[in-house]
Each structure stands twice: as C-alpha cells, then as structure tokens.
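Colleague: This is the structure I have questions about; it appears just below.
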Amino acid sequence: MNVLDFKERIERLDHLIKQKATGSPEELAKRFNCTERTIYRMISQLKEMGCPVYYDKTRQSYCYEKEGCLKFVFEKVDLNVKK
Numbered sequence: 065m066n067v068l069d070f071k072e073r074i075e076r077l078d079h080l081i082k083q084k085a086t087g088s089p090e091e092l093a094k095r096f097n098c099t100e101r102t103i104y105r106m107i108s109q110l111k112e113m114g115c116p117v118y119y120d121k122t123r124q125s126y127c128y129e130k131e132g133c134l135k136f137v138f139e140k141v142d143l144n145v146k147k
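Quick look at the structure:
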C-alpha cells in the first residue's frame with residue numbers, strides 16, 4: 065500500500081471513530097474490505113501516532129478518549145534559528 069492509500073484509509077478510520085460508528089472489528093473489516101488483523105494493525109498505528117483510541121463494548125465502536133484532530137502535515141523548519 066502506498067502512502068496516499070494509507071493516509072486515506074487512516075483518515076476514513078479516524079472519521080468513523082469520531083462518529084463512534086466503527087462497529088465491531090469484524091464489521092469494520094467488512095466495511096474496509098480487509099481482515100480483522102488489518103483493523104487491529106490500523107488501530108495500533110493510530111495509537112503509535114498518539115491517538116487515544118479504545119474500544120467501547122457498550123457502543124460496539126472504537127472511540128477516542130478525548131477530542132482531537134489527526135493531521136498529516138509537513139512543517140517547515142527554520143534552520144537559521146539560533147538556540
């Protein structure tokens with residue numbers, strides 16, 4: 065999978081998590097046309113990126129512990145700034 069496909073997939077997952085509408089891992093795998101293992105890997109990647117993701121058994125959905133915004137950005141660094 066190339067980086068743009070990865071980005072789109074993660075952003076789609078992020079949107080569903082914000083809506084608390086992922087469904088179970090099995091349902092989410094069907095929605096993404098992938099395996100449950102891939103879903104667990106994607107959730108793990110979100111966690112590695114600092115997203116506070118957890119699975120809510122009552123809602124049967126992945127959720128965020130707090131509100132936030134996932135961003136994929138390039139930030140310009142000024143190398144001339146003295147420390």
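Count along the sequence shown starting at 1, add 64, and that's the number in our numbering. Don't be surprised by glycine CBs; every beta carbon is placed ideally from N, CA and C.
Give the DSSP-derived three-state secondary structure of residue 142 in the structure shown.
Modeller: For this step, residue 142 is matched to residue 78 along the sequence shown. DSSP places residue 142 in coil when its eight states are reduced to three.
Colleague: When burial is assigned at 16 or more other CB atoms within 10 Å of the CB, is residue 145 buried or exposed?
Modeller: Here residue 145 corresponds to residue number 81 of the sequence shown, with the count starting at 1. Counting Cβ neighbours within 10 Å, residue 145 comes out exposed, since fewer than 16 surround it.
Colleague: What is the DSSP secondary structure of residue 151, counted as helix, strand or coil?
Modeller: Because the chain here runs from 65 to 147, residue 151 falls outside it and cannot be looked at.
Colleague: Is the beta carbon of residue 125 sitting closer than 9 Å to the one on residue 68?
Modeller: Along the sequence shown, read from residue 1 onward, the residue named residue 125 stands at position 61. Along the sequence shown, read from residue 1 onward, the residue named residue 68 stands at position 4. No; because the gap between Cβ atoms is not below 9 Å, this pair is not in contact.
Colleague: Leaving out the 5 sequence neighbours to the left and right, which residues in its chain are closer than 8 Å to residue 140 when beta-carbon positions are compared?
Modeller: One-based indexing of the sequence shown puts residue 140 at position 76. For residue 140, same chain residues with a beta-carbon under 8 Å away, outside a window of 5 residues either side, do not exist.
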